[in-house]
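Each residue of the sequence shown is one higher than the one before, counting from 1 in full-length UniProt numbering.
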Amino acid sequence: MAATDATLRAFFQSPKFAVVGASTNPEKFGFKVFRWYINHSLPVTPINPTAAPIPVDGKEYPAVTSLSALDSPADTSVSIITPPHVTRKTLEEAKGLGIQAVFLQPGTFDDAVLEYARTNFQTVVAGDGGHGSQGWCVLVDGERGLREAGKL
1 MAATDATLRA
11 FFQSPKFAVV
21 GASTNPEKFG
31 FKVFRWYINH
41 SLPVTPINPT
51 AAPIPVDGKE
61 YPAVTSLSAL
71 DSPADTSVSI
81 ITPPHVTRKT
91 LEEAKGLGIQ
101 AVFLQPGTFD
111 DAVLEYARTN
121 FQTVVAGDGG
131 HGSQGWCVLV
141 DGERGLREAG
151 KL
């Protein structure tokens, strides 16, 4: 099933968020998406296998190495910014932890990964749609989702 504005709203109704593929490099989308959550005052945890703290606007945010290190994964919506083969492994871990909502950024999935996500998660924001030229993206569609969820 294709993502809709209702799917976007459901994703942002979560009490917590995580960004898999968060990066310390300001040029990478993993940094830009993580910073977007920080700039919108959302409770977000960066996830990166190196677990280096992510500096944003002069403050360092401790990262964790995997979704299993989250305090309450089942209460967390997860944005993913990784290559498709890593995204698939991340989704398998997320499913095992009871995570219900995922946002797959453009370039993070292929048809098989998208099908896996849509089959195994209650809320999947990904693929065609949104207001960006490449499909759903937190950087383009996130504020609308926050408004819809009553968080803006």
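We put the CB at the ideal spot given by N, CA and C, even for glycine.
Determine, using beta-carbon pairs with one atom in the segment 41-58 and one in the segment 14-31, whether at least three such pairs fall under 8 angstroms.
-> yes
Unbroken alpha helix (DSSP H) run spanning Val138, endpoints | On the sequence shown, residue 138 is found 138 positions in, with the first residue counted as 1. Its alpha helix (DSSP H) spans residues Val138 to Glu148.
Hey, how far is the Cα of Leu97 from the Cα of Pro73?
-> For this step, residue 97 is matched to residue 97 along the sequence shown. For this step, residue 73 is matched to residue 73 along the sequence shown. Approximately 6 angstroms between the Cα atoms of the pair.
For Gly129, which residues from the same chain have a beta carbon less than 8 angstroms from its beta carbon, with the 5 sequence-adjacent residues on both sides left out?
-> On the sequence shown, residue 129 is found 129 positions in, with the first residue counted as 1. Result list for Gly129: Ala2, Ala3, Thr4, Gly135 and Trp136, in chain order.
Assigned secondary structure, Ala112 (DSSP; H/G/I helix, E/B strand, else coil) = Translated into the one-based positions of the sequence shown, residue 112 becomes position 112. Three-state result, Ala112: helix.
Is Gly132 near Leu114, with beta carbons less than 8 angstroms apart?
-> Along the sequence shown, one-based indexing puts residue 132 at 132. Along the sequence shown, one-based indexing puts residue 114 at 114. No, they are not a contact pair.
Candidates Gly150, Asp71 and Ala117, of which the one nearest Gln105 by Cα | Translated into positions along the sequence shown, residue 105 becomes position 105. Out of Gly150, Asp71 and Ala117, Ala117 has the C-alpha closest to the C-alpha of Gln105.
7 angstroms Cβ shell around Ala149 - same chain, five flanking residues per side excluded | Taking the first residue of the sequence shown as position 1, residue 149 is located at position 149. Within the same chain, Ala149 has close Cβ partners Arg9, Phe12 and Gln13.
Pick from Ser77, Tyr61 and Asp71: whose alpha carbon is nearest that of Gly145?
-> Residue numbering aside, residue 145 sits at position 145 when the sequence shown is read from its first letter. Nearest C-alpha to Gly145: Ser77.
Can you give me the start and stop residues for the alpha helix (DSSP H) that Leu42 sits inside?
-> Looking up residue 42 in the sequence shown gives position 42. Segment: none, Leu42 is in no alpha helix (DSSP H) and carries neither H nor E.
Start and end residues, alpha helix (DSSP H) containing Lys95 | Translated into positions along the sequence shown, residue 95 becomes position 95. That run of the alpha helix (DSSP H) goes Pro84 to Leu97.
Extent of the continuous beta strand (DSSP E) to which Leu104 belongs | Residue 104 sits at position 104 when you count from the first residue of the sequence shown. Its beta strand (DSSP E) spans residues Ala101 to Leu104.
Since Thr108 and Thr87 are thought to touch, with beta carbons under 8 angstroms apart, how far apart are those beta carbons, to the nearest angstrom?
-> As a first step, residue 108 is located in the sequence shown; it is residue number 108 there, counting from the start. As a first step, residue 87 is located in the sequence shown; it is residue number 87 there, counting from the start. With a contact defined as Cβ atoms closer than 8 angstroms, Thr108 and Thr87 qualify at about 5 angstroms.
Could you check what DSSP says for Ser72 in three-state terms: helix, strand or coil?
-> One-based indexing of the sequence shown puts residue 72 at position 72. It is coil, neither helix nor strand.
Who are Ser77's beta bridge partners in DSSP?
-> Numbered from its first residue, the sequence shown carries residue 77 at position 77. Looking at the DSSP assignment, Ser77 forms a beta bridge with Phe17 and Ala101.
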